[in-house]
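Step one of this worksheet: look at the structure below.
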Amino acid sequence: GAVVSQHPSWVICKSGTSVKIECRSLDFQATTMFWYRQFPKQSLMLMATSNEGSKATYEQGVEKDKFLINHASLTLSTLTVTSAHPEDSSFYICSAGELVSSYNEQFFGPGTRLTVL
Amino acid sequence: AQSVTQLDSQVPVFEEAPVELRCNYSSSVSVYLFWYVQYPNQGLQLLLKYLSGSTLVKGINGFEAEFNKSQTSFHLRKPSVHISDTAEYFCAVSSFAGNKLTFGGGTRVLVKP
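Each protein sequence line maps, in turn, to chains R and S.
Just so you know, we're using the numbering used here here: the first sequence kicks off at 1 and counts up by one.
Just so you know, we're using the numbering used here here: the second sequence kicks off at 118 and counts up by one.
Below is the structure:
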């Protein structure tokens, strides 16, 4: 089956620093990748959709300059949290879309827990 | 725009008992429907999906769900749960045209021995 990895699985950083999270599709090419944020005991909220070779599309209320997304290849997308603050602490999950018939099915990574001190 | 409502935030259930998790959605267009399971500190795993065809969908781990268009529901059921089914369950929808998933608030299932 389709496998998606994320790195790192957890990260602790100081306030004001930047953190990069990688999302890779290991056995398929993903033209579209999605980034979600999940607060404790809450649901997933879509942050942005990224297509390979083009700019990401951000959801309303998500700061583009704070959450930088790069989708340079069909197997790798990165999310950089710039100048992180404690309120950015969360569980970040990516998914990669694989075209199945006429539908782009999403396969989810294991998530990255970010803690900003 | 779509929305998903999971009516129960928590469902305690005894081992080997049946469980039903309720999901209702709202959409102005036709949708695909999904159920995912999330174990602690992990990503999401697809349990089952409805794209078209039979309204009764069977998934992994003995789960099944029924799509009811008139009631805009997609309830998840399992006839006999195991301790290992303790997890968070999310219902989600996606429109035919787009690929974005809209998630419900989640239902935490706690299976007791």
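We put the beta carbon where it would ideally sit given N, CA and C, even for glycine.
Beyond the five residues adjoining it in sequence on each side, leucine 44/R comes within less than 8 Å, by CB distance, of Tyr36, Arg37, Gln38 and Ile93 in the same chain, given in chain order. Relative to the Cα of glycine 53/R, the nearest Cα in the group Trp10/R, Asp88/R, Ile69/R and Gln60/R belongs to Ile69/R.
Non-local beta-carbon contacts of alanine 96/R in its own chain, meaning distances under 6 Å to residues more than five positions away in sequence, involve Val4, Ser25, Ala30, Met33 and Phe107 in chain order.
Using a Cβ-Cβ cut-off of 8 Å, isoleucine 21/R does not count as an interface residue toward chain S, since no Cβ of chain S sits closer than that to its own. From the listed residues Ser212/S, Leu165/S and Phe191/S, the smallest Cα separation to serine 145/S is found for Ser212/S. Shown here, glycine 16/R sits in coil according to DSSP, grouped into three states, outside any helix or strand. Threonine 78/R is bridged by DSSP to Glu22/R and Asn70/R. Beta-bridge annotation (DSSP): isoleucine 93/R is paired with Tyr36/R. In the three-state scheme derived from DSSP, where H, G and I count as helix and E and B as strand, asparagine 104/R is classed as strand. The way I'd put it, the region 118-131 of chain S doesn't touch the region 172-188 of chain S; fewer than three beta-carbon pairs between them come closer than 8 Å. DSSP lists Glu181/S as the bridge partner or partners of lysine 175/S. Isoleucine 12/R and glutamate 183/S have their C-alpha atoms spaced approximately 42 Å apart. Using a Cβ-Cβ cut-off of 8 Å, glycine 61/R is close to nothing in chain S; its nearest Cβ partner there is about 15 Å away. Taking 9 Å as the Cβ-Cβ cut-off, the region 154-185 of chain S approaches chain R at Gln155, Asn158, Gln159, Gly160, Leu161, Gln162, Leu163, Lys166 and Leu168, given in chain order. Tyrosine 206/S does not reach chain R, its nearest Cβ partner there being about 11 Å away, counting only Cβ pairs nearer than 8 Å.
Against chain R, the CB of leucine 218/S has a partner CB under 8 Å away; the residue lies at that interface. If you ignore the 5 residues before and after isoleucine 200/S, its C-beta comes within less than 8 Å of the C-beta of Glu132, Val228 and Pro230, all in its own chain and listed in chain order. The Cβ-Cβ distance between leucine 161/S and tyrosine 153/S falls below 8 Å.
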